[in-house]
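Student: Chains as they are written, first to last, in this note's numbering: chain L, 53 to 554; chain X, 259 to 427.
Each residue gets a CB set at the ideal place from its N, CA and C atoms; glycine is no exception.
Remember, predicted model here, so these are calculated numbers, not experimental data.
Handing you this structure, nothing more for now.
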Amino acid sequence: MAKNILFTEFISIISNVITDPQLLGLSALGTILGILMGCLPGISSTMALAILLPVTYAMSPIAAMVFLMAVFSASVFGGSISAILINIPGTPGAIVTQLEGYAMTKSGKASEALTYSLFSSTFGGIVGLTILILVAPIVARAAMEFRSPEFAMTTVFGLTMLAYSTPGSTFRGILSGAVGLLCGMVGFDLVTDVPRFDFGTTALQSGIELVPLTVGLFGLAEVLRGIEGGGKPSKKTPDLGSLLPSLKRVRRLWKTILRGSALGAIIGAIPAAGSAIAVAVSYAQEQRLSKRKEAFGTGVPEGLAGPEAANNACVGGALVPLMTLGIPGDTMTAVLMGALLIHGLRPGPLLFMERPDFVAAVYVALFLALILTVVFGFLLVRHFVRLMRTPSHILLVIIAMLCVVGSFAIRNNVTDVYIMIVFGVTGYVMNRLDIPVAPLAFGLILGPILEENLRRSLIISDGSWVVFFERPIALTMLLLSAAALSYPLVPKLRQLLSNTRN
Amino acid sequence: MSEKIAKRDPRNQLAAGFYLGLISFIGWLSLINTPALWTNEFGVDPGPELLPVIVLTLLSGGALTLLGAGTFQVIMYKTPKTNYWTKLYQNTLLPTLFVISLIFYIGLMEIFGFIFASIIFALSWMWLLGLKSRSETAVSGLFLAGLGTLIGVGLIYFVFVYLIGVPIG
């Protein structure tokens with residue numbers, strides 16, 4: 053039933069978007085900006101989303117989503133351009149791309165590598181979107197059975213998985229998430245109106261907004277890291293030959309692209325698994341299946357096409373837990389979730405029931421972004437490559453100004469700008485201390501949801517914590533969280549046991 | 259700073275533990291000094307202090323674990339000869355100056371408006387960083403910085419002031 057409603061909405065929204073020049077224009081603009089920012093060294097997809105988020109304040113929720121989905125999806129391909137041409141991955145998912153892509157560039161096949169990347173990314177993206185359309189309503193329907201204890205424990209599970217998957221130590225990731233949870237509690241408590249962590253100032257009583265925090269953590273902190281040793285001269289980019297695809301060559305890769313797409317969509321749908329894992333698995337898989345395993349690393353198209361398809365398929369996959377359970381799959385979807393919250397929409401199963409038009413708009417936005425990425429990828433890639441020669445210090449200063457203006461724009465309040473600077477410095481310091489910063493943002497986003505459901509569960513159960521153990525789904529989530537937390541200890545315990553035995 | 263050096267060095271545990279401990283200390287201080295949280299007048303609601311107490315306990319415990327593990331390793335094993343504390347502060351001068359200048363930039367913006375403040379901020383930093391990168395001479399750097407400022411300030415002004423209507427003009 054829900055699927056039918058969504059299908060009808062999908063058709064109606066697609067005709068609305070295509071016939072609305074404003075929405076079409078926003079999608080095109082988002083795609084161009086996404087590819088451009090993704091390919092500029094030093095600007096990650098998360099940073100691109102965070103600094104462009106304030107631009108969407110004045111837009112309707114659907115227009116904002118059309119724009120941000122275009123930035124999100126296109127920046128993934130943009131990240132591959134810099135990985136292929138100058139050996140700098142623009143996104144975590146492009147880490148593997150550089151292995152074969154840059155090797156192809158060095159042997160004079162840069163345009164061929166870009167063509168493979170573009171085709172594989174688009175196909176992967178479409179498979180990811182298909183998985184999203186097919187799986188999301190089923191998960192959402194199952195999640196309709198969730199009540200407060202389930203939501204509370206799902207949030208705990210999400211936070212644990214996000215801390216677990218963040219590069220670096222899981223333990224430090226959990227502690228960083230705890231700092232984020234505390235940030236989410238700043239200001240008046242929504243139930244009792246008691247102020248918390250406001251230090252007696254009125255500036256903090258309305259709480260910490262997500263935008264200054266994410267812009268500070270993912271924008272300003274990166275700028276500060278970028279200028280550490282002064283500006284760096286820009287890397288030379290190679291000249292591109294013909295970008296017209298050799299269909300015969302692309303056709304030869306169809307099995308690889310299909311495998312990569314399926315892997316990416318499935319791994320992306322696992323909360324917090326992320327694109328970095330998907331591309332690594334896809335690369336390993338292609339190497340395992342290849343007849344010329346030893347040639348990997350010297351510019352093998354299969355090693356490029358598979359992970360590229362997986363990387364973009366992850367976009368649709370990662371939207372499954374976000375849209376159905378309200379758990380962001382990675383930092384990029386965390387910023388997208390922030391955008392939804394800013395526009396008064398809380399992702400979760402109810403969104404499918406209450407706003408099927410919006411869910412359909414997300415599908416359409418992603419579909420349109422994929423198509424426009426191919427179009428602009430072919431038409432404008434030479435110009436993007438030329439812009440990649442922009443010196444990094446010019447970009448860093450412009451990004452810093454964007455961070456200031458973007459955080460001011462949310463409420464026209466200077467306090468938000470100071471909060472952004474505080475989190476910029478916090479992100480910078482945490483990075484130097486090897487404490488992952490992404491869980492801090494997850495904590496801020498998921499904190500209020502956790503607190504609301506935790507307190508509601510305890511009110512229903514008359515203060516008994518047993519409520520989390522007697523409900524099967526809540527208990528499963530709790531056990532999974534415990535397993536994820538204790539898993540890193542297993543090798544250490546094994547080592548300790550073997551030492552004791554010896 | 260090399261991440262590998264930092265991860266191998268037990269003093270990194272001490273630094274991280276101290277930093278997180280400081281945050282939890284400030285958190286406890288604020289929580290204890292909010293009497294309204296401890297009134298027991300919330301009826302069936304477990305109260306607004308429940309989650310802060312749980313999270314602060316977790317954070318304090320984690321910070322103490324890091325501090326304890328770091329201290330243990332520093333005492334028991336030989337620490338690398340590199341001076342970790344010096345490395346921790348290495349290359350932080352420019353970022354510190356940048357943050358201070360950002361605060362001045364906001365002040366300037368409040369007095370003189372976005373365009374003037376942004377031109378001063380962007381031009382000086384683009385020129386300085388260009389010189390630091392040693393890829394430009396003073397004159398070519400100034401030209402590039404001017405061009406970058408013109409494009410950057412112009413674009414931001416167009417998008418935020420003209421299109422969105424943010425009152426920073």
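Which residues in chain L have a C-beta closer than 9 Å to the C-beta of residue 277 of chain X? List them in chain order.
Tutor: Looking up residue 277 of chain X in the second sequence gives position 19. Per Cβ cutoff of 9 Å: 481, 482, 485, 487.
Student: Counting only Cβ pairs nearer than 7 Å, list the residues of chain L close to residue 268 of chain X.
Tutor: By one-based count along the second sequence, residue 268 of chain X stands at place 10. In chain order: nothing, as chain L lies at least about 12 Å away.
Student: Using only CA atoms, which one of X:416, X:267, X:423, X:417 lies nearest to residue 338 of chain X?
Tutor: Taking the first residue of the second sequence as position 1, residue 338 of chain X is located at position 80. Cα-wise, what sits closest to residue 338 of chain X is X:267.
Student: Of all Cβ atoms in chain X, is any one closer than 9 Å to the Cβ of residue 507 of chain L?
Tutor: Along the first sequence, one-based indexing puts residue 507 of chain L at 455. Closer than 9 Å: yes.
Student: Is the shortest distance between the beta-carbon of residue 261 of chain X and the beta-carbons of chain L less than 9 Å?
Tutor: Here residue 261 of chain X refers to the residue found at position 3 of the second sequence. Model confidence at residue 261 of chain X stands at a pLDDT of 42, short of 50, so the residue's coordinates are unreliable; what they give is reported in the following sentence. With 9 Å as the cut-off, residue 261 of chain X counts as an interface residue toward chain L.
Student: How would you write the range of the alpha helix (DSSP H) that residue 312 of chain X sits in, first residue to last?
Tutor: To locate residue 312 of chain X, count along the second sequence from 1; it is residue 54. 308–334 is the span of the alpha helix (DSSP H), which, as asked, contains residue 312 of chain X.
Student: Give a yes or no on whether 9 Å exceeds the smallest Cβ distance from residue 338 of chain X to chain L.
Tutor: The count along the second sequence starts at 1 and reaches residue 338 of chain X at position 80. False, the Cβ-Cβ gap to chain L never drops below 9 Å.
Student: Is the shortest distance between the beta-carbon of residue 435 of chain L and the beta-carbons of chain X less than 9 Å?
Tutor: Numbered from 1 along the first sequence, position 383 holds the residue referred to as residue 435 of chain L. Not closer than 9 Å to any Cβ of chain X, the Cβ of residue 435 of chain L fails to qualify, so no.
Student: Would a check of beta-carbon distances place residue 544 of chain L closer than 9 Å to chain X?
Tutor: The residue you call residue 544 of chain L lines up with position 492 of the first sequence. Not one chain X Cβ lies under 9 Å of residue 544 of chain L.
Student: Hey, how far is the Cα of residue 261 of chain X from the Cα of residue 345 of chain X?
Tutor: For the purposes of this step, residue 261 of chain X is identified with residue 3 of the second sequence, where counting begins at 1. For the purposes of this step, residue 345 of chain X is identified with residue 87 of the second sequence, where counting begins at 1. Its pLDDT being 42, under 50, residue 261 of chain X is placed unreliably by the model, and the measurement read from it follows with that caveat. Whole-angstrom Cα-Cα distance: 11 Å.
Student: Under three-state DSSP, which class holds residue 500 of chain L?
Tutor: On the first sequence, position 448 is the one that residue 500 of chain L refers to. Note: residue 500 of chain L maps to helix in three-state DSSP.
Student: Could you please tell me which residues of the region 383–397 of chain X, in chain order, have their CB closer than 7 Å to any CB of chain L?
Tutor: Listed by position along the chain: 383, 384, 387, 388, 390, 391, 393.
Student: Near residue 542 of chain L, which residues of its chain fall below 8 Å by C-beta distance, leaving aside the five closest residues on each side in sequence?
Tutor: By one-based count along the first sequence, residue 542 of chain L stands at place 490. For residue 542 of chain L, where only same-chain residues beyond five positions count, there are no Cβ hits under 8 Å.
Student: Excluding sequence positions up to five away, which residues of its chain have a Cβ less than 8 Å from the Cβ of residue 259 of chain X?
Tutor: Residue mapping note: residue 259 of chain X aligns to position 1 of the second sequence, counting from 1. Its pLDDT being 40, under 50, residue 259 of chain X is placed unreliably in this model, and the value from its coordinates should be taken loosely. 345, 346, 348, 349, listed in sequence order.
Student: Would you mind working out which of L:316, L:479, L:193 sits nearest residue 145 of chain L, comparing C-alpha positions?
Tutor: In the first sequence, the residue the question calls residue 145 of chain L occupies position 93. Here the closest residue by C-alpha is L:316.
Student: Could you have a look at residue 407 of chain L and say whether DSSP puts it in helix, strand or coil?
Tutor: Position 355 of the first sequence, counted from the start, is the residue given in the question as residue 407 of chain L. Note: residue 407 of chain L maps to coil in three-state DSSP.
Student: Take residue 115 of chain L as the anchor and find which of L:150, L:164, L:65, L:464 has the nearest alpha-carbon.
Tutor: Looking up residue 115 of chain L in the first sequence gives position 63. It is L:65.
Student: Could you tell me which of L:387, L:304, L:399 sits nearest to residue 358 of chain L, measuring between CA atoms?
Tutor: By 1-based counting over the first sequence, the position of residue 358 of chain L is 306. Among L:387, L:304, L:399, the Cα nearest to that of residue 358 of chain L belongs to L:304.
Student: Answer yes if the region 339–348 of chain L comes into contact with the region 95–111 of chain L, meaning at least three C-beta pairs across the two stretches below 8 Å, and no otherwise.
Tutor: Contact fails: fewer than three Cβ-Cβ distances are below 8 Å.
Student: For residue 429 of chain L and residue 355 of chain L, I'd like the C-alpha separation in whole angstroms.
Tutor: To locate residue 429 of chain L, count along the first sequence from 1; it is residue 377. To locate residue 355 of chain L, count along the first sequence from 1; it is residue 303. Roughly 21 Å between the two C-alpha positions.
Student: Show which residues of chain L have a CB atom less than 8 Å away from the CB atom of residue 358 of chain X.
Tutor: Indexing the second sequence from 1 puts residue 358 of chain X at position 100. Here the premise fails: no neighbours, minimum Cβ distance about 10 Å.
Student: List the whole-angstrom C-beta distance separating residue 97 of chain L from residue 148 of chain L, where the pair is believed to meet the contact cut-off of C-beta under 8 Å.
Tutor: To locate residue 97 of chain L, count along the first sequence from 1; it is residue 45. To locate residue 148 of chain L, count along the first sequence from 1; it is residue 96. Incorrect: roughly 16 Å between the Cβ atoms, too far for contact.
Student: Whose Cβ in chain X lies nearer than 7 Å to the Cβ of residue 75 of chain L?
Tutor: Your numbering for residue 75 of chain L matches position 23 in the first sequence. The contacting residues do not exist; residue 75 of chain L stays about 16 Å from chain X at best.
Student: Given that residue 511 of chain L touches chain X, what residues does it touch there, using C-beta distances under 8 Å?
Tutor: The residue labelled residue 511 of chain L in the question sits at position 459 within the first sequence. By Cβ distance, chain X contributes 302, 303, 304.
Student: So which residues on chain X does residue 464 of chain L lean against when the C-beta distance must stay under 7 Å?
Tutor: Here residue 464 of chain L refers to the residue found at position 412 of the first sequence. Going along chain X in sequence order, the residues near residue 464 of chain L (Cβ under 7 Å) are 424, 425.
Student: If the cut is a Cβ gap below 9 Å, which residues of chain X does residue 109 of chain L touch?
Tutor: Counted from its first residue, the first sequence places residue 109 of chain L at position 57. Chain X residues near residue 109 of chain L: 422, 424.
Student: Roughly how many whole angstroms lie between the Cα atoms of residue 510 of chain L and residue 516 of chain L?
Tutor: The residue you call residue 510 of chain L lines up with position 458 of the first sequence. The residue you call residue 516 of chain L lines up with position 464 of the first sequence. Using only the alpha carbons, I get a separation of about 6 Å.
Student: Check each residue of the region 344–355 of chain X: if its Cβ is closer than 8 Å to any Cβ of chain L, include it; give the result in chain order.
Tutor: Within the region 344–355 of chain X, the residues whose Cβ lies closer than 8 Å to some Cβ of chain L are 346, 349, 350, 352, 353, listed in chain order.
Student: Hey, is residue 411 of chain X's beta-carbon within less than 9 Å of any beta-carbon in chain L?
Tutor: What you label residue 411 of chain X is simply residue 153 of the second sequence in a count that begins at 1. True, the Cβ-Cβ gap to chain L drops below 9 Å.
Student: Can you tell me where the alpha helix (DSSP H) with residue 348 of chain X in it begins and where it stops?
Tutor: Translated into positions along the second sequence, residue 348 of chain X becomes position 90. Run containing residue 348 of chain X: none; DSSP gives neither H nor E here.
Student: Please state whether DSSP places residue 351 of chain L in a helix, a strand or coil.
Tutor: Numbered from its first residue, the first sequence carries residue 351 of chain L at position 299. Residue 351 of chain L falls in the coil class under three-state DSSP.
Student: With the cut-off set at 9 Å, would you say residue 177 of chain L and residue 552 of chain L are in Cβ contact?
Tutor: For the purposes of this step, residue 177 of chain L is taken as the residue at position 125 of the first sequence. For the purposes of this step, residue 552 of chain L is taken as the residue at position 500 of the first sequence. No; because the gap between Cβ atoms is not below 9 Å, this pair is not in contact.
Student: Would a C-beta distance cut-off of 9 Å place residue 202 of chain L and residue 529 of chain L closer than the cut-off?
Tutor: Translated into the one-based positions of the first sequence, residue 202 of chain L becomes position 150. Translated into the one-based positions of the first sequence, residue 529 of chain L becomes position 477. Cβ distance < 9 Å, so residue 202 of chain L and residue 529 of chain L count as in contact.
Student: In the DSSP assignment, find the alpha helix (DSSP H) that holds residue 522 of chain L and state where it starts and stops.
Tutor: Taking the first residue of the first sequence as position 1, residue 522 of chain L is located at position 470. Note, residue 522 of chain L: alpha helix (DSSP H), 519–522.
Student: For the candidate residues L:402, L:121, L:164, L:327, whose alpha-carbon lies nearest to that of residue 362 of chain L?
Tutor: Here residue 362 of chain L is taken as the residue at index 310 of the first sequence, counted from 1. The option with the nearest alpha carbon to residue 362 of chain L is L:327.
Student: Determine whether the Cβ of residue 313 of chain X lies closer than 9 Å to any Cβ atom of chain L.
Tutor: For the purposes of this step, residue 313 of chain X is taken as residue 55 along the second sequence, with counting starting at 1. With 9 Å as the cut-off, residue 313 of chain X counts as an interface residue toward chain L.
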